[in-house]
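Undergrad: So for the sequence shown, our numbering puts the first residue at 4; every next one is plus one. Can you keep this structure in mind? I'll have questions shortly.
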Amino acid sequence: MWRSGERSGWEDGPVAGRRRIPVDEGWSALHAWSAAQDRSAVARATLATAVRHTVAELADAAPGRSVEVRVPPFAAVQCVAGPVHTRGTPPAVVETDPQTWLELAVGDLTWADGVAEGRVRVSGQRTDLSAHFPLTRPPASP
Numbered sequence: 004m005w006r007s008g009e010r011s012g013w014e015d016g017p018v019a020g021r022r023r024i025p026v027d028e029g030w031s032a033l034h035a036w037s038a039a040q041d042r043s044a045v046a047r048a049t050l051a052t053a054v055r056h057t058v059a060e061l062a063d064a065a066p067g068r069s070v071e072v073r074v075p076p077f078a079a080v081q082c083v084a085g086p087v088h089t090r091g092t093p094p095a096v097v098e099t100d101p102q103t104w105l106e107l108a109v110g111d112l113t114w115a116d117g118v119a120e121g122r123v124r125v126s127g128q129r130t131d132l133s134a135h136f137p138l139t140r141p142p143a144s145p
């Protein structure tokens, strides 16, 4: 658990490469969730790791601070280039639940369908993140 005075691992933002979740561990968790017969029964720790990892992947793919993406209770990140938000309620917010987020990440749900069905809630400008889904694993290093 994070305690006052400790570095959380995100002080410089995920784009700076300060991840709490090792990349291989994150992809493994996402694969475990994706391969599960009953995704709603996946262990909470696996679900949390997969969500945190994919949120960090989005932040790497769409660097910036104009949109806040929230996947409670596991993750929130600012991303997408544009005006920087620093205080109060962000002007652009995307919020969804962990299962929906991971369905977007693996391509089982399109952005348009998630928004139309009310499973992805968006407000403000620059909240169309459809170009970033599904997330793909980078090729293995030689």
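Glycine included, every Cβ here is placed at the ideal spot set by N, Cα and C.
In this structure, does DSSP put R55 in helix, strand or coil?
TA: The residue labelled residue 55 in the question sits at position 52 within the sequence shown. Of the three classes helix, strand and coil, the one that applies to R55 here is helix, per DSSP.
Undergrad: Are E98 and R124 touching if we call contact CB-CB under 8 angstroms?
TA: Numbered from its first residue, the sequence shown carries residue 98 at position 95. Numbered from its first residue, the sequence shown carries residue 124 at position 121. Cβ atoms of E98 and R124: closer than 8 angstroms.
Undergrad: What residues in its chain sit with their C-beta under 8 angstroms from that of E9, if we drop five residues either side in the sequence?
TA: For the purposes of this step, residue 9 is taken as residue 6 along the sequence shown, with counting starting at 1. Low confidence applies here, because E9 scores a pLDDT of 34, under 50, leaving its location unreliable and the question unanswered by this model.
Undergrad: Quick check: what's the CA-CA separation for I24 versus T52?
TA: Translated into the one-based positions of the sequence shown, residue 24 becomes position 21. Translated into the one-based positions of the sequence shown, residue 52 becomes position 49. Distance between the alpha carbons of I24 and T52 is about 7 angstroms.
Undergrad: What are the residues that DSSP puts in a beta bridge with S126?
TA: By 1-based counting over the sequence shown, the position of residue 126 is 123. Beta-bridge pairing links S126 to V96.
Undergrad: Tell me whether the segment 82 to 91 and the segment 108 to 124 touch, counting them as touching only if at least three CB pairs, one residue from each stretch, are closer than 8 angstroms.
TA: The segment 82 to 91 vs the segment 108 to 124: no contact.
Undergrad: Closest to V70 by CA distance: which of W104, A48, T89 is it?
TA: On the sequence shown, residue 70 is found 67 positions in, with the first residue counted as 1. Among W104, A48, T89, the Cα nearest to that of V70 belongs to T89.
Undergrad: To the nearest angstrom, report how far apart A38 and R68 are at their CA atoms.
TA: Here residue 38 corresponds to residue number 35 of the sequence shown, with the count starting at 1. Here residue 68 corresponds to residue number 65 of the sequence shown, with the count starting at 1. Using only the alpha carbons, I get a separation of about 33 angstroms.
Undergrad: Using 8 angstroms for Cβ pairs, my map puts A32 next to H56. What's the rounded Cβ distance?
TA: Along the sequence shown, read from residue 1 onward, the residue named residue 32 stands at position 29. Along the sequence shown, read from residue 1 onward, the residue named residue 56 stands at position 53. Indeed, because the Cβ distance is near 6 angstroms, the residues count as touching under 8 angstroms.
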